[in-house]
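J.: Note that the sequence shown covers residues 4 to 639 in the working numbering. Don't be surprised by glycine CBs; every beta carbon is placed ideally from N, CA and C. Since this is a predicted model, take the numbers as computed values, not measurements.
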Amino acid sequence: MAKKQFKAESKRLMDLMINSIYTHKEIFLREIISNASDAVDKLAYKALTDDKVAVKRKDFQIVITPDKQERTLTVSDNGIGMTREELETNLGTIAKSGSFQFKQELGDDKAASKVDVIGQFGVGFYSAFMVADHVTVTTRAYGSDEAWMWESSGADGYTVTPCDKQSVGTDIVMHIKANADEENYDQYLETYKLQELIKKYSDYIRYPIRMEVEDYRMKEKPADAGEDYKPEWETVREWQTINSMVPIWQRQKSKVKKEDYDSFYKEKFADWQEPLSVIHTSGEGAVEYKALLYIPGQAPYDFYTREYEKGLQLYSSGVMIMDKCADLLPEHFRFVRGVVDSQDFSLNISREMLQHTRQLKVIAGNLEKKIKSELVKLQKDDREKYEKFWDAFGMQIKVGMVSDYGIHKELLKDLLLFWSSKEGKNTTLAAYKDRMPEDQPYYYYACGESVDKIDRLPQVERIKDKGYEILYLTQDVDEFVMKALDELDGKKIKSVSDEDALPRTEEEEKQAQAKAEAGKAVVDFVKQALGDKVKDVRISRILKSGAVCMTADGQMSLEMEKYLRKVEGKNDIRAERVLELNPDAEAFAALRRAVDEDKELAADYAQLLYGQALLLADLPLEEPAQFAALVCKLMR
4 MAKKQFKAES KRLMDLMINS IYTHKEIFLR EIISNASDAV DKLAYKALTD
54 DKVAVKRKDF QIVITPDKQE RTLTVSDNGI GMTREELETN LGTIAKSGSF
104 QFKQELGDDK AASKVDVIGQ FGVGFYSAFM VADHVTVTTR AYGSDEAWMW
154 ESSGADGYTV TPCDKQSVGT DIVMHIKANA DEENYDQYLE TYKLQELIKK
204 YSDYIRYPIR MEVEDYRMKE KPADAGEDYK PEWETVREWQ TINSMVPIWQ
254 RQKSKVKKED YDSFYKEKFA DWQEPLSVIH TSGEGAVEYK ALLYIPGQAP
304 YDFYTREYEK GLQLYSSGVM IMDKCADLLP EHFRFVRGVV DSQDFSLNIS
354 REMLQHTRQL KVIAGNLEKK IKSELVKLQK DDREKYEKFW DAFGMQIKVG
404 MVSDYGIHKE LLKDLLLFWS SKEGKNTTLA AYKDRMPEDQ PYYYYACGES
454 VDKIDRLPQV ERIKDKGYEI LYLTQDVDEF VMKALDELDG KKIKSVSDED
504 ALPRTEEEEK QAQAKAEAGK AVVDFVKQAL GDKVKDVRIS RILKSGAVCM
554 TADGQMSLEM EKYLRKVEGK NDIRAERVLE LNPDAEAFAA LRRAVDEDKE
604 LAADYAQLLY GQALLLADLP LEEPAQFAAL VCKLMR
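1) Give the DSSP-derived three-state secondary structure of Gln516 in the structure shown.
2) Consult DSSP for Asp385 and reduce its assignment to one of helix, strand or coil.
3) Where does Tyr307 land, buried or exposed, given buried means 16+ other C-beta within 10 angstroms?
4) Compute the Euclidean distance between the alpha carbons of Lys293 and Gln72, then round it to the nearest angstrom.
5) Buried or exposed: which applies to Gln107, given that a residue is buried once 16 or more other Cβ atoms fall within 10 Å of its Cβ?
6) Can you tell me where the beta strand (DSSP E) holding Lys293 begins and where it ends?
7) Beta-carbon within less than 7 Å of Asp189's beta-carbon, same chain only, minus the 5 sequence neighbours each way: which residues are those?
8) Using CA atoms only, rank isn't needed, just tell me which of Leu296, Phe630 and Asp53 is closest to Leu644.
9) Extract the residue ranges of the beta strand (DSSP E) inside the segment 322 to 350, only unbroken runs of 3 or more that lie entirely within it.
10) In terms of residue numbering, what span does the alpha helix (DSSP H) encompassing Glu217 cover?
11) Nearest to Leu594 by CA position, among Gly84, Ala329, Val551 and Phe267, is which residue?
12) Distance, Cα to Cα, Glu512 vs Cys635?
13) Can you give me the C-alpha to C-alpha distance between Asp70 and Gly403, rounded to a whole angstrom?
14) Could you pull the DSSP bridge partners for Ile67 from this structure?
15) Please confirm whether Ala578 and Leu604 have their CB atoms less than 8 Å apart.
16) For Phe421, list the residues DSSP reports as bridge partners.
17) What are the start and end residues of each continuous beta strand (DSSP E) run of 3 or more residues lying completely inside the segment 231 to 311, in chain order?
18) Suppose the cutoff is 8 Å on Cβ atoms and the five residues either side in sequence are ignored; what does the same chain contact list for Phe150 look like?
19) Determine which residues share a DSSP beta bridge with Cys450 and list them.
20) Taking all protein chains shown into account, do 16 or more other C-beta atoms lie within 10 angstroms of the C-beta of Gln629, making it buried, or fewer, making it exposed?
21) Do the segment 439 to 455 and the segment 470 to 483 touch if we need at least three Cβ pairs shorter than 8 Å?
22) Measuring CB atoms only, is the segment 203 to 210 touching the segment 40 to 58, in the sense that at least three cross pairs come out at less than 8 Å?
23) Which residues mark the beginning and the end of the beta strand (DSSP E) in which Thr360 is found?
24) Kindly indicate which residue of Ser423, Ser453 and Val454 has the alpha-carbon position closest to the one of Met439.
25) Alpha carbon to alpha carbon, how far is Pro623 from Glu277?
26) Give the single residue among Asp305, Gly146, Glu88 and Val570 whose Cα lies nearest to the Cα of Val56.
27) Taking C-beta to C-beta, are Met553 and Leu582 nearer than 8 Å?
28) Taking its Cβ as the centre, do 16 or more other Cβ atoms sit within 10 Å of Leu357, making it buried, or is it exposed?
29) Is Glu464 helix, strand or coil when you go by DSSP?
30) Do the CB positions of Lys388 and Leu279 come within less than 8 Å of each other?
31) Taking Asp274 as the reference, which of Glu223, Ile282 and Gly341 has the closest Cα?
32) Can you tell me which of the three DSSP states Val171 falls into?
33) By DSSP, does Lys52 sit in helix, in strand, or in coil?
34) Less than 8 Å between the C-beta atoms of Glu237 and Lys258, yes or no?
35) So Lys538 and Arg580 are supposed to be a Cβ contact under 8 Å. How far apart are they, rounded?
36) Can you find a heavy atom of the ligand GDP that lies under 7 Å from the Cβ of Lys469?
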């Protein structure tokens, strides 16, 4: 029979199908199996709507048959099959989809909801040519006695001839290419590889995908075997159903046990630990989907690196479309693992990527709310588990608070934990608020390297003496979080180092001004002695018994300076440092006497106090050896 040419610009379009549309060659098996599933779906639908169709759902199956000797891979189904006209229409015109036409013909029929055809673009079949140099399709339509064979070696065209086929359905025989320099085509004839691809992409196709596989079993012990008999193993070939068919997220929640959820998580996401929490949810209405999400119990080794890829596995009608769909998860919840299954996603032509649509945004928004709700529930109902979550992913929540100009802070603030000076353990902002005395003017925080070091900061003393609670911040990002929050329920958040952290009475203000005036000569001397090491020196309004501390003017705090040094490597950036002196301390009295009697000694005292302030603030000494020598000098 004369070879027919493909309709449309066949050579260019076929080349596009084979070389450009699909990212990975292994996708071909997913596409061919999906087409087989569509064919079975169509016959299943026909059986639902036509009493004369005598087929049973339990008999439907898809069969995979590799033949290494002949270098062929066959995918067979017992679905609807195709007439000659359908064969010509569907396979003779590239990008003509029989499934799409079938779906259109269903219209608003209620029974249509029971069938879900996958392939709608009409290009999936041609992915076979990525791995095969010749493809044969043998098909017989349901209700017809005729069978037809379609054959093609690619863009040069195809032939359609009559043939014999005893059963209804379609067989697609792919003649696998020979290995090339950088391509291993032999793998698509190996049962282990085919099993791997079926489990990866087509595990939840609703019909059994069967294949004959090798297995090992112990030979039966002969009846006359003696005591020295050694067991022997033998290789057997047996037919197995490779796919699971019904995904766990499609089952009723009431019928899924915790062990089932945990087992699925461990197997699917290669984690030996059980997840902390499971979210099994669905959406109906304008956008329909089902989702199964997990909160892990530990962070992957590369979680806080640029190499880590976030994302949920995306399925469409049981077929995996993407392994990691990043657009379904906000960055602050990038630790969540799981799957989302929906028929409403708008996929690109290769079904490897999503198009950005309203449906995608709706599902992503719903999942964000669900994750937040589950974390709040975990925080209230199982604090031990939530603390474990916080240890693993608290940093990510904090980063989410300050990223994108703080637009997520209202969503995330309820999840925050900080160490409480009053409770001696982590606390939420809501719990802090509930404990707050009526006369407390602000929320308070203090920054430092550790809880113990913060607790000994001289700036902390006056706040604690008032009986007010302080949040101890020990991570680099913490102060940025406080700056992003700024206030809670109309009440400001203040650092203990802020001059106005404790409001003063008129009398207290007069006393402070009097002390500042009395110490002006000492302050001026110290400022001159330190030069450009500090922006200013002042009589402190925040110290109680401590002699000295370092604070900062302007928008950049000392903690921000340390963060930029550590994370960004910006050693040239410095906060506007201010040395604060306590006029009531004995050290200040000694300094005052030295200023009056021994200017050289006073200059040494100034350097000593400056060094002490740096150490208290966990800032590096510019000249450690010089500071050590100064201490020794003053000890003579």
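T.: Short version:
1) helix
2) coil
3) exposed
4) 43 Å
5) Bear in mind that a pLDDT of 48 at Gln107, under 50, signals an unreliable position, so the model cannot answer this.
6) Tyr292 to Ile298
7) Contacts found: Asn182.
8) Nothing can be reported for residue 644: it is not among the residues displayed for the chain, which extend from 4 to 639.
9) Correct list: 322 to 328 and 340 to 344.
10) Unbroken run through Glu217 is the beta strand (DSSP E), Ile212 to Met221; no alpha helix (DSSP H).
11) Val551
12) 39 Å
13) Each residue's alpha carbon lies about 53 Å from the other.
14) Per DSSP, the beta bridge partners of Ile67 are Val78 and Met214.
15) no
16) Thr430
17) Complete beta strand (DSSP E) runs here, min 3: 236 to 244, 280 to 286 and 292 to 298.
18) The displayed chain sequence assigns Ala, not Phe, to residue 150. Here the set comprises Thr141, Thr142, Arg143, Pro165, Cys166, Asp167 and Lys168.
19) Paired residue(s): Leu476.
20) With fewer than 16 other beta carbons inside 10 angstroms of its own, Gln629 counts as exposed.
21) Short answer: they touch.
22) Cβ pair count under 8 Å is three or more, so yes.
23) Per DSSP, Thr360 belongs to no beta strand (DSSP E) and is neither H nor E.
24) That would be Ser423, whose Cα lies nearest to the Cα of Met439.
25) 43 Å
26) Gly146
27) Judged by beta-carbon spacing, Leu582 lies within the 8 Å limit of Met553, meaning their Cβ atoms are closer than that value.
28) Below a pLDDT of 50, predicted positions are generally treated as unreliable, and Leu357, at 49, falls in that range; the measurement from the model is reported next regardless. That one is buried.
29) helix
30) yes
31) Gly341
32) coil
33) Before going on, a small fix: residue 52 reads as Thr here, not Lys. If DSSP states are grouped into helix, strand and coil, Thr52 belongs with the helices.
34) Judged by beta-carbon spacing, Lys258 lies beyond the 8 Å limit of Glu237, meaning their Cβ atoms are not closer than that value.
35) 6 Å
36) Within the structure as shown, the ligand GDP is missing, as the structure has no ligands at all.
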